[in-house]
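In the numbering used here, the protein residues as written are 135 to 553.
We put the CB at the ideal spot given by N, CA and C, even for glycine.
Please read the structure below before turning to the comments.
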Amino acid sequence: MSESNQADVIVVGAGVIGIACAHYLNKAGLRVTVIDQSSIASACSHGNCGYICPSHVLPLTEPGAVGMALKSLFNPSAPFRVKPRLSPALWNWMWQFAKRCNQQQVLTAGTHLKAILDSSMHEYQRLVPEESLDCEWKQNGLLYVLQTERGMRSFAETDKLLSEHFGVPARRIDGTELPTFDPALKPGLAGAYHYEHDTSVRPDLLNTSWSQRLKSRGVTFIENCRLQKILTSSGRVTQLATSGGLMQADRIVFAIGAWSPRIAAELECPIPIEQGKGYSVTMSRPNPSPKYPMLFPEHRVGVSPFDHGYRLGSMMEFSGFDTSIPESRIQQLRDSAKPYLITPCGDGPVQTWYGWRPMTWDSLPIIGRVPRLQNAFLATGHNMLGMSLATATGRLITELMQEQTPHIDPTPFSPQRFM
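So this is what it looks like as C-alpha cells:
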C-alpha cells in the first residue's frame, strides 16, 4: 500500500460486519480500506435467511441446550449437533457454554442483546432509505409457526418471557386463522406468533448495494487478499503481512467471524469462538409462496420468500471447519418444511450453501479494543445474528475508536471479559 493510498483504518473481513464498520468509519471522515481473503460478503453474510430480528433476544444458552447437545453426539441428523472430535478448544467451549445454560444467564444476556438489537434496528431504519439500498427491505414481521398443540404451549412460555421481561410483543394467531393469514400454510397447524416489528432483507443484495455505495465514497475494497501475519511492537499493530504485500494503518479492525481464533495468539487475546455450521438451499418461488418470512421452531427451519427466489435455512453443527454439504442435510431442510407449507419447495435449479457462524459461549458478540494492543479492535462473535447486529456494531466500533461516549454500554461485549 503506497503512502498516497495510506488508510487511517484497515478493516480485515468484508462480510456484513466489516462492511458496516467501514460505513460508520467512513462516515466519521476516516480513510478506510477493507481486505478479505475471498470476495465481498461471500461467506456467512451470503446465504443466511436475511432476518433482522429484535425478537431474537434470547441467547442460545437456554436451559435444556446441554441435553440437546449431548443427545446430538449420537444423532447425525439432529438440527442442533455437536460432532464428536478431539478438540480441547471445543470441549472447553462446551464446558463454559454449559455453565451458562440457566435462567439467570438467559435474562442477563438477553438484556444485553436487546440493547444492541434495538440499536441496530434503529440504525437500519435510517440507513436503508438514506442510502437507497436495493435489498428487498420488508417490514412485515417474522412469523413463528407451530405444528402441534404441545409446540404452541411451549412457545407460549417463550412469548411470555419475551413480552414480560424484554418488551418484545407478538400477535398470537390461532391455527384456524393461519390459512387466511398466509395462504401458503397448510390447514390443521396449531397456530403461530407474529413478531410484527422484525424485518428482513435479501442478504446478497444488501451487501452488494451497501459495498457499492461505500466504494463510491472512497472506501477501498481489496478482495482475495489473505491475512498471513500480524506484526506488532510496543503494544501496537505495526503492519499486516498479507498475500498482497505489507499493509499498515493507524488502526485495525478484525472482523473475520469464525476465523477469529486463528489470530488470538498474535493479538495476545483469547477469542473463544467455535464454528456453528449452518446450511441453506435457495430455489425459485413455490406456488403458493409464503407472504411472510417464517420460522418453524419445532423443526428449527427458517423460510425466506424473496421477490425473485425462495430460501430454506437452518442447522447448527459444531463440526469445525468442515466444508462438505451433505445431501442429507439439504433434504432435511426440504422435508422439515413439508408439515407446514402447501408447496414447500420451488422447481428448477437450486443453490446449496453452508456457512460457519462465529459462536461465543455466552451468546454475546465481541466488540471493542484488543486489551494489549492500543490500535487493534475486534468486531466478531455475532453468533447467528450477524445481519441483525451489523449496524450497531459498526457504530459502536467507530465510537470506541474515536473515544466518543458510546450510544450503548459496550462493557458486555468487550474482549476484556475473556482475559
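Per the coordinates, the alpha-carbon of V150 lies some 13 Å from the alpha-carbon of Y258.
Contact holds between the segment 486-496 and the segment 506-517, because three or more Cβ pairs, one in each stretch, are under 8 Å apart.
In the DSSP assignment, P439 is bridged to Y444.
Contact between the segment 417-436 and the segment 279-291 is present: 3 or more CB-CB pairs across the two stretches fall below 8 Å. Residue pairing by DSSP places V262 opposite no residue, since no beta bridge is assigned to it.
Taking C-beta separations shorter than 6 Å and ignoring five residues to either side along the sequence, the partners of Y329 in its chain run S189, G275, L276 and A304, following chain order.
When L401, A392 and P395 are compared, the shortest CA-CA separation from S368 is found for L401. In this structure, G528 places its C-beta atom within 7 Å of the C-beta atom of A154. Assigned with DSSP and collapsed to three states, R351 falls in coil, not helix or strand. In this structure, S497 places its C-beta atom within 7 Å of the C-beta atom of A243.
DSSP places K320 in the coil class of the three-state scheme, outside both helix and strand. Here Q273 is exposed: its Cβ has fewer than 16 other Cβ atoms, across all protein chains shown, within 10 Å.
Membership of M553 in any beta strand (DSSP E) is not indicated, and neither H nor E is assigned to it by DSSP. Here H246 is buried: its Cβ has 16 or more other Cβ atoms, across all protein chains shown, within 10 Å. In the structure shown, the three-state DSSP call for V146 is strand. Judged by their CB atoms, P420 and G480 are nearer to each other than the 7 Å cut-off. Close CB contacts of R347 within its chain, under the 6 Å cut and outside five residues either way in sequence, are with E265 (chain order).
For L319, the number of other beta carbons within 10 angstroms of its own is at least 16, and it is reported as buried. Between the alpha carbons of A326 and A399 lies a gap of roughly 47 Å. A Cβ-Cβ separation of about 7 Å places M450 in contact with P213 under the 8 Å criterion.
For the set S522, S414, G352 and A383, the Cα lying nearest the Cα of H157 is the one of G352. Counting the other CB atoms within 10 Å of its CB gives T457 a total below 16, which places it among the exposed residues. Within the DSSP bridge table, the entry for G454 names no partner. Restricting attention to V143, L261, A389 and C269, the CA atom closest to the CA of L164 is found in V143.
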